[in-house]
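Numbering (our numbering), first residue to last: 0 to 168.
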């Protein structure tokens, strides 16, 4: 594997674990506000990010690459309104999309077709993550000021269940 591609993938492991921390921080914010459904949504998001990190970890190991784990940064966002985590989530997903695109571009330049194929799943996943984030913002803009509607939205988010990704390495 190309050295640059390997380094970017190693760095992405750390970014995915940071994403999990960030989403746990968002879950904690909503939990403190009494919105257990919103908290559930972000707890599941955190689990998904951990899965993403582990998929990359396993991919590197399967390809004989050294995995280097670095310290995970503390989330640095401050949330005051119920909308703040939703907007921060969309901003973060867009950032992660740019990171995946950078790795994909490096893999293409190196003619590392195995890695580009591996990253195809992540590119599709990022499209889904950005859409989910935008949908949540839209729903909050439409319904968040009404207590009954907020309760229904919280219930909807609370119904989300976790399912591990089905990506064959």
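Glycine included, each C-beta is placed from N, C-alpha and C at the ideal position.
Please read all numbers here as calculations on a predicted model, not as lab measurements.
Closer than 8 Å by C-beta to residue i: which residues in its own chain qualify, once you throw out the five before and the five after it? Chain order, please.
i, result
"residue 99", "11, 118, 121, 122, 125"
For the alpha helix (DSSP H) holding residue i, just list the boundary residues, first then last.
i, result
"residue 28", "2–31"
"residue 143", "Careful: residue 143 lies outside any alpha helix (DSSP H) and carries neither H nor E."
"residue 76", "Unbroken run through residue 76: none, as it is neither H nor E."
"residue 46", "35–61"
For residue i, tell me which candidate among the options has the shortest Cα-Cα distance.
i, options, result
"residue 164", "116, 50, 38, 4", "50"
"residue 80", "16, 93, 25", "25"
"residue 69", "38, 76, 7, 152", "7"
"residue 89", "147, 23, 134", "134"
Alpha carbon to alpha carbon, what distance is there between residue j and residue i?
i, j, result
"residue 58", "residue 114", "9 Å"
"residue 66", "residue 19", "19 Å"
"residue 136", "residue 157", "16 Å"
"residue 140", "residue 17", "27 Å"
"residue 172", "residue 92", "Past the edges of the chain, shown from 0 to 168, lies residue 172, and the structure says nothing about it."
Any beta carbon from chain C within less than 8 Å of residue i's own beta carbon?
i, result
"residue 25", "Judged by its chain identifiers, the structure shown contains no chain C, having just a single protein chain."
Between residue i and the rest of its own chain, which residues show a CB-CB distance below 6 Å, the 5 nearest in sequence each way excluded?
i, result
"residue 62", "0"
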